[in-house]
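As numbered in my numbering, the sequence shown has no gaps in its residue numbers, which increase by one up to the final residue, 439. Backbone N, C-alpha and C fix where the C-beta goes; we use that ideal spot for every residue, glycine too. Computed from a predicted structure; not experimentally measured.
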Amino acid sequence: MNPIVEFKNVSKAFVGRNGGVQKVLDSVSFTIAPGCTTVIAGGSGQGKSVTLKLMLRLLQPDEGVITVDGQDINSIGSKKLADVRTKFGVLFQGAALFDSMPVYDNVALPLRERTKMTEQEIRAQVSETLEKLELLGHEEKFPAQLSGGMQKRVGLARALQLKPEIMLFDEPTTGLDPVMTDEIYRLFARTQKNIGYASVIVSHDIPKVFNLADQVIVLDGGKIDVFANPEEIQWSEKKHIQEFVRTTMGEIYQSCNTEGR
Ligand SMILES: Nc1ncnc2c1ncn2[C@@H]1O[C@H](COP(=O)(O)OP(=O)(O)O)[C@@H](O)[C@H]1O
Ligand SMILES: [Mg+2]
Numbered sequence: 179m180n181p182i183v184e185f186k187n188v189s190k191a192f193v194g195r196n197g198g199v200q201k202v203l204d205s206v207s208f209t210i211a212p213g214c215t216t217v218i219a220g221g222s223g224q225g226k227s228v229t230l231k232l233m234l235r236l237l238q239p240d241e242g243v244i245t246v247d248g249q250d251i252n253s254i255g256s257k258k259l260a261d262v263r264t265k266f267g268v269l270f271q272g273a274a275l276f277d278s279m280p281v282y283d284n285v286a287l288p289l290r291e292r293t294k295m296t297e298q299e300i301r302a303q304v305s306e307t308l309e310k311l312e313l314l315g316h317e318e319k320f321p322a323q324l325s326g327g328m329q330k331r332v333g334l335a336r337a338l339q340l341k342p343e344i345m346l347f348d349e350p351t352t353g354l355d356p357v358m359t360d361e362i363y364r365l366f367a368r369t370q371k372n373i374g375y376a377s378v379i380v381s382h383d384i385p386k387v388f389n390l391a392d393q394v395i396v397l398d399g400g401k402i403d404v405f406a407n408p409e410e411i412q413w414s415e416k417k418h419i420q421e422f423v424r425t426t427m428g429e430i431y432q433s434c435n436t437e438g439r
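The structure is reproduced here in structure tokens:
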């Protein structure tokens, strides 16, 4: 199957205030298959958010090629870029809801702005999503009246309206308690199964989020390691990966897999 997103030898550096150059991505290559879940892990400042922004062309690479559905996104015009961006749904830290709009209008917004659907058609689609995400009955509430978990669900509902082929989640559970975090991940898994988009999740909630992963990308010092599944990470010979496993995945995760080895 053709990848939905591909990075080919992508490099990205920033010039710091002191004039020094920081290479955030150093000739990085990976692919994302349709319908699969990729988890991007790595310490703070290692380029996880930059990687997501490159996929949306919110940033441009210094070198290398990024394709979405086979199209080189850095060599297309603004009209085509707008089309490419409609393939993405985005849920970044904080749900980025409009405080002055009730839940219903927040969710309906992309349909009103980007489609020619009638209000009746919009109502049908929005209600269906709200039901799936267990938000029915909260349509008239404003974001400030919702719990953190509900706000994320509304953000997800809105991101799903234009039927994304790929969903990007950047630390989507920041600010949620552990119970809510579990619930949100279960909901992500259910929703993905229902809708079938590819998802890319950047998260600190390791190993929780690893349960969802078909592929794990670990960013470190500008280089990446790609693992076909979370289990594989534990058996890596690389020092920095072993360190990553020890500090983030811990004993509990390993104990599930060490039996019989
Ligand atoms: N627009 C920018 N201009 C300059 N530096 C940036 C910019 N975006 C990110 N960086 C730097 O790139 C590095 C990686 O950032 P980021 O991808 O946000 O890290 P994280 O892995 O925590 O998401 C950080 O050191 C950050 O300061
Ligand atoms: Mg980040």
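- For S227, the distance from the CB to the nearest heavy atom of ligand 1 is below 7 Å.
- With a contact defined as Cβ atoms closer than 8 Å, L203 and V183 miss out at about 14 Å.
- In the three-state reduction of the DSSP assignment, G327 falls in the helix class.
- Contact check for A391 against V217 passes: the beta carbons are separated by less than 8 Å.
- Taking the Cα of Y363 as reference, the smallest distance to any Cα among R331, G213 and F266 is reached at R331.
- Exposed is the label assigned to Q298, since fewer than 16 other Cβ atoms lie within 10 Å of its Cβ.
- In this structure, DSSP gives S189 an extended state, which the three-state scheme calls strand.
- When only Cα atoms are considered, S381 and N407 end up about 16 Å apart.
- With a cut-off of 7 Å, the C-beta of F270 is classified as distant from ligand 1, since no heavy atom of the ligand falls inside that distance.
- For D355, the secondary structure class from DSSP, reduced to helix, strand or coil, is coil.
- Using a C-beta cut-off of 8 Å, the stretch 342-356 makes contact with the stretch 269-286, since at least three inter-stretch Cβ pairs fall below that distance.
- Annotated three-state conformation of A219 is strand, per DSSP.
- In the DSSP assignment, I300 falls within the unbroken alpha helix (DSSP H) covering E297 to K310.
- Not one heavy atom of ligand 1 is found less than 7 Å from the C-beta of V396.
- When only Cα atoms are considered, F276 and L236 end up about 21 Å apart.
- Take the alpha-carbon of L340 and the one of A302: they are about 14 Å apart.
- By the Cβ-count criterion, F266 is buried, with 16 or more other Cβ atoms from all chains shown falling within 10 Å of its own Cβ.
- Listed in chain order, the non-local C-beta contacts of Q249 below 8 Å within the same chain comprise K258 and V262, local neighbours out to five positions each way being set aside.
- At the C-beta level, T369 and K386 stay beyond 8 Å of one another.
- Per DSSP, the unbroken alpha helix (DSSP H) holding V281 starts and ends at V281 to R292.
- Under the three-state reduction of DSSP, A337 is assigned to helix.
- Following the DSSP letters along the chain, one finds A376 inside the beta strand (DSSP E) bounded by residues A376 to V380.
- Taking the C-beta atoms as reference points, L346 is found no nearer than 8 Å to L232.
- For Q393, the beta-bridge partners assigned by DSSP are T216.
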